[in-house]
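In the order they appear, the protein sequences are chains A and B.
So in my numbering, spot 19 of the first sequence is number 19, and the numbers just go up one at a time.
So in my numbering, spot 589 of the second sequence is number 1589, and the numbers just go up one at a time.
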Amino acid sequence: MRDFDYIRPATIPDAIAAAAEPGSAYLAGGTNLLDLMKGGITSPERIVDISRLPELNRIERLEDGGLRIGALVRNADLAHDAAFAKAYPMVAEALLSGASAQLRNAATVGGNLLQRTRCSYFYDTASACNKRVSGAGCAALGGENRLHAVLGWSDACIATHPSDFCVPLVALDAVVEIEGKQGRRHVTLAEFHLLPGETPQRENALEPGDLIVAVRLPAEAASFAANARYLKIRERTSYAFAVVSAAAALVVDGGKIRAARLALGGVAAKPWRARAAEAVLLGADANEATFAGAADAALADASPSGDNAFKIELARRIVVRALTSAQAGTPERLPALPASPFSSIPGARHDA
Amino acid sequence: MTLELSLNQQPAHTRQGSSIGQPLTRRDGFLKVTGAARYAADNHPSGMLYAVLAVSSIARGRVAALDVEAAKAHKGVVEVMTPRNRPALAADPDAKDHPFMFRLDLLQNEEVRYPNQTIAVVIAETLEAATEGAALLSPRYEALPARVGLDDAESFVPRGVGVGNPAVQHKGDVEAGLKSAKTRIEATYETPAQYHNAMEPHAIVAAWDGDKLSIDTPSQGLAMAQGRISGLFGIAPQNIHIRSPFLGGGFGSKGMISGPQVLGVLAARLVGRPVKLVLRREQMYGPVGHRAPTRQTLRMGMDGEGRLTAIHHHAKTASSTFDDFFEPAADASHTLYASPAITTSHEAVRLDTGTPLFMRAPGEATGSIALESAIDEAAHACGMDPLEFRLRNYAEVEPMTGKPFSSKALRECYSQAAKAFGWASRPLQPRLMRDADGFLTGWGVGTATFPAIMFQAEARAVLKADGSGLMETGAQDMGQGAWTAFAQIAADGLGLDIDQVDFRAGSSDLPNAGIAGGSGHTATAGMAIHNAGAAVIARLADLATGNEASPLFGADNEGVVARGGRLYRRDDENRSESYAEILTRAGLTEIEGHGKGAPDAASQETYAKHAHGAVFAEVKVDPDFGQIRVTRLVGAFAAGRVINPRLVRSQYYGGMIWGVSFALHEEAITDRRSGRIQNANLAEYHVPVNADVPSVEAILIHEDDPYVNALGIKGVGEIGIIGTAGAVANAVWHATGVRPRRFPIRIEDLLG
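As structure tokens, then:
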């Protein structure tokens, strides 16, 4: 591991000043960054440890009915906050379907937004990767890519964003609160992550020094609490990244869909808000035909980036299932196998 | 005074013990859960340096340049070992004096023959400095195209497979058998490359003192490791002391000393200080063995009653370009099902990988998943229940050799496991069962068999004047429970309570216990312990029965019984004497006896010796997503005498869970252009997590086998994985109607 400077600023302005220097990286939970450093994928010259900054580990109810989640709130603490899980059940379910208990105890809200792709060519420093070295090429194209992107990819990059947490967040219009050299600003999560285009090395809207200080959920995000699910297909029952996932939330009144939110995970370089599908759902009858139409709309622009055509069909199916589950109603208790299909069919036994 | 008993001898003087068969908890458990158990990498001798491997990122070619100066200039770096300055060896690492000697990459030249091959070793004051030094070497290569898949190189028939089995074997006329058959099936199955992922990576702490060498390293075979290092360095074996009290798993990858371990010894030699070298997880994907991929085609013919008329099991596999280890997958068809005609055949290619080696049930695991799938396909083709079909083709004698089995309680395994599982209500056709929640449900069965193998082992037993005992053998505990099971055998062998026995193992200065592999360690070292106990008890009995002052005087012809630290006259248990009294009277502080464990050549000729088992699996499959979950596993196993049922169950559980892993999870994903493995980490090289195996049951079937050895032990280390993988695959078919033909079974295979 390369030598680096370690700084532990006392205040947010000090942190921003330190991190604005080239070669800096913030350290919070470290669950991704330390692995990247050990593997030589990133080699920051300066680590700015924000893990003990005050004020960033609170969950605050806002006067307008919204919620403000401090960037240093641990994934596990957020998921197990009873009021949070009740108001935003699919977010809690997504959090608990990610990683392992040990990782969730360490990983932070801000860090979750910033975790890097799991594309194996990004991690394999002997392979070409435009994210790591701009202009180097993309070894994933034509490589082992059955789990790569089917939406929003480019010839420069076919990687996916691995977060579960971000999928229901983007569906609920979450906003990222950023503090930088120019002060504080708000960016919607939908706009926060960037598609690769020709510049896959640029993954988000952060500028040098920018610090995520909080994630906000607007007031209406809680209005979906009764009909919301996050579902995740994976290749083992726990501790696996999504092959595809979906967050679905509905407000249904008299059989008609009054409001709908839908987002997909594991399909693109960002958590994928499916607005075209939402348009299909809005005002329609809440039934399987509508859900199938929404699924088709969500995947209308999808195309395989390699040996992954199956993910498109799988994504269609999970959209239908997630919407069906949401319509059936949020489970009273968080399933013992969060987000697993094996706890998604109403009445499924939660015995593990 | 030493005594030695010949093997399997029934001595006049016997012991009656109560430790064997008890479900004792692990005697080393407390040390392990408190962190007090000292594993190899926990050692830090004074003055120790850290060595880190620099490994190749190409699969084939040569290293053209290394920036040694940059590495040496890094603060804390002490030395960089390359082919130019690597200390001389007494033997060529590419020499192969016998089939069990595998070629090692010890910086003998600049050639690269697989990814992750060591190309330099950086030695530094800290791990961090050594790691950065290795990165600073910035190698340049002259690369050649990598040969990656089973179709990427010219195929040939290997001279032998496994440990010297013929690549092609025939019994009867398979083509005639197929021709005469009423029903035939033919199917091809593919299994991927898999890599050992023991929790503890290969690690070594090596320290030289002149021409004496002290090593802490995990080893499944201390004496073999000692011999290999002795040959490589040209020093006497007794000058090499290897300590391996605990292994964090081995699964075959620590059976023979690996290249990186020897490089740690070389590094210590080069710098003249103790050196620690620990492999990074991803560095385990290459130089320490793996399970090679296979492509297996099975052809079977059945008569009108569902009896097999022919089995042809053909396997294509791969070895490295520079050494020979060929996964004997087709040999799985030698022992299980009766057929008048059987052919097993192998072909292979050479790929730019590390040499594949022994990985838990080598050949049996890969062969079994294909054979058990094909048997299932054959049963279905005959319209028969898969269990009924297996019973219809039950082998009363070993099919390939015609030898009788030394014991075979497989029928009992089938019936008890089927009953516990509830197999009787299974519908014959697939895709008919759904649970209350709508999941496709399927039930499958697989048969397990694994040979009862013994190697060579020795043990030394001591009885002391204070009445306590000592048993020594260089046995290896990989986590399977050797510390406990051998202490149980030792206690009974010495006629003592287990707490009265000091059992010593895990060190090369103890008698050679042979290898902890081939599921043969408990039988082999166990018999050495048993015989050493018999020898020292015989010596003790001589002292007592020959002395007029002893109440046992004159019992010579009748014999004595050793129990609870006393000798009793066999014909009059009112006459007895404690060990302490006998030794004290004789003026001896201690006496010792030696014993050996080895296969019995005569019964080996006469009998086929195997453990058997039957595994039943239930899977649930999401009908839309193809995501699979194994919800129940029930196995029943007959493997001779059970020394410790708790530990044996634990072995079965572990094996069965590995079977789930084989069917559903494990695969090394290799980039077909570079040859580099893309998922060399525990996040993406999937093995099951707890949530993947909600219910596992292992039933122990009683089995007395008078032929395998005097203790009646067969071995349980590997049989659990066999049968289970096929049972899961067959259950997936029964749930979905889709026959898995490549493993691991993937979501897209079931999407329909």
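Using N, Cα and C, we set each Cβ at its ideal position, and we do this for glycine too.
In this structure, B:Leu1583 sits away from B:Leu1470, with a CB-CB distance that is not shorter than 9 Å. In this structure the region 1026 to 1044 of chain B lies against the region 1478 to 1485 of chain B, because at least three pairs of beta carbons, one per stretch, are closer than 8 Å.
Contacts between A:Ile178 and chain B, judged by CB atoms closer than 9 Å, are missing: the closest CB pair is about 29 Å apart.
Excluding the 5 residues flanking it on each side, A:Ala295 has same chain C-beta neighbours closer than 6 Å at Arg316, Val319 and Val320, in chain order. Apart from sequence neighbours up to five positions away, the residues of its chain that approach B:Arg1646 with a beta-carbon distance below 6 Å are Pro1023, ordered along the chain. Taking a Cβ-Cβ cut-off of 9 Å, A:Ser305 has no neighbours in chain B, whose nearest Cβ is about 15 Å from it.
Put simply, of B:Ala1638, B:Leu1144, B:Asp1542 and B:Ala1513 the residue whose alpha carbon is nearest the alpha carbon of B:Ile1591 is B:Asp1542.
Inter-residue distance for B:Ser1603 and B:Ala1611 is about 16 Å (C-alpha atoms, whole angstroms). Here DSSP, grouped into helix, strand and coil, assigns B:Glu1618 to strand.
Between A:Arg261 and A:Phe224 the beta-carbon gap is near 6 Å, inside 8 Å, which marks them as a contact.
Within 10 angstroms of the beta-carbon of B:Gly1717 lie 16 or more other beta-carbons, which makes it buried. DSSP places B:Tyr1189 within a strand segment (E or B) once states are collapsed to three. Looking at the DSSP output, B:Ile1242 sits in a beta bridge with B:Ile1215. One alpha carbon belongs to A:Gly283, the other to A:Ala276, and they sit about 13 Å apart. Per DSSP, the beta bridge partners of B:Val1696 are B:Leu1633. Counted as a single uninterrupted DSSP element, the alpha helix (DSSP H) harbouring A:Asp77 occupies residues Asn75 to Ala79. One finds nothing in chain A with a Cβ atom closer than 7 Å to the Cβ of B:Ala1070; even the nearest lies about 13 Å away.
The beta carbons of B:Ser1258 and B:Val1288 sit closer together than 9 Å. Contact check between the region 1150 to 1159 of chain B and the region 1116 to 1128 of chain B: fewer than three CB pairs, one atom from each, fall below 8 Å, which does not count as touching.
Between B:Met1048 and the set B:Arg1673, B:Val1265, B:Ser1519 and B:Asp1497, the nearest pair of CA atoms involves B:Val1265. Separation of B:Ile1342 and B:Met1400 (C-alpha to C-alpha, rounded to the nearest whole angstrom) is 7 Å. DSSP places B:Gly1526 in the helix class (H, G or I) of the three-state scheme. Excluding sequence positions up to five before and after A:Ala240, its CB lies within less than 6 Å of the CB of Arg234, all in the same chain and listed in chain order. Contact annotation: the region 1164 to 1173 of chain B does not touch the region 1639 to 1657 of chain B, with fewer than three C-beta pairs closer than 8 Å. If only complete runs of 3 or more residues are kept, the region 186 to 231 of chain A shows the beta strand (DSSP E) at 211 to 217, in order along the chain. For B:Lys1276, the beta-bridge partners assigned by DSSP are B:Tyr1050 and B:Val1205. B:Phe1625 reaches chain A at Ile233, Leu314, Arg317, Ile318, Arg321 and Pro341, counting residues in chain order whose Cβ is nearer than 8 Å.
Per DSSP, B:Met1302 is one residue of the beta strand (DSSP E) stretching across Thr1294 to Met1302. In the DSSP annotation of this structure, the continuous segment of the beta strand (DSSP E) that includes B:Ala1315 starts and ends at Leu1308 to Ser1320.
Taking 9 Å as the CB threshold, A:Ser238 lines the interface with chain B. In the structure shown, the three-state DSSP call for B:Asn1165 is strand. Distances from the CA of B:Gly1564 to each of B:Asp1492, B:Asn1709, B:Thr1522 and B:Asn1574 were compared; the closest alpha carbon is that of B:Asp1492. Thr1131, Glu1132 and Ala1135: these are the residues of the region 1130 to 1156 of chain B whose beta carbon lies less than 8 Å from some beta carbon of chain A, given in chain order.
Taken through DSSP and simplified to helix, strand or coil, B:Ile1628 comes out as strand. Every beta strand (DSSP E) stretch that sits fully inside the region 1564 to 1604 of chain B and reaches 3 residues is listed by chain position as 1566 to 1569, 1572 to 1578 and 1590 to 1597. Sequence-distant Cβ neighbours of B:Gly1737 in its own chain, meaning closer than 6 Å and more than five residues away, are Pro1430 and Arg1431.
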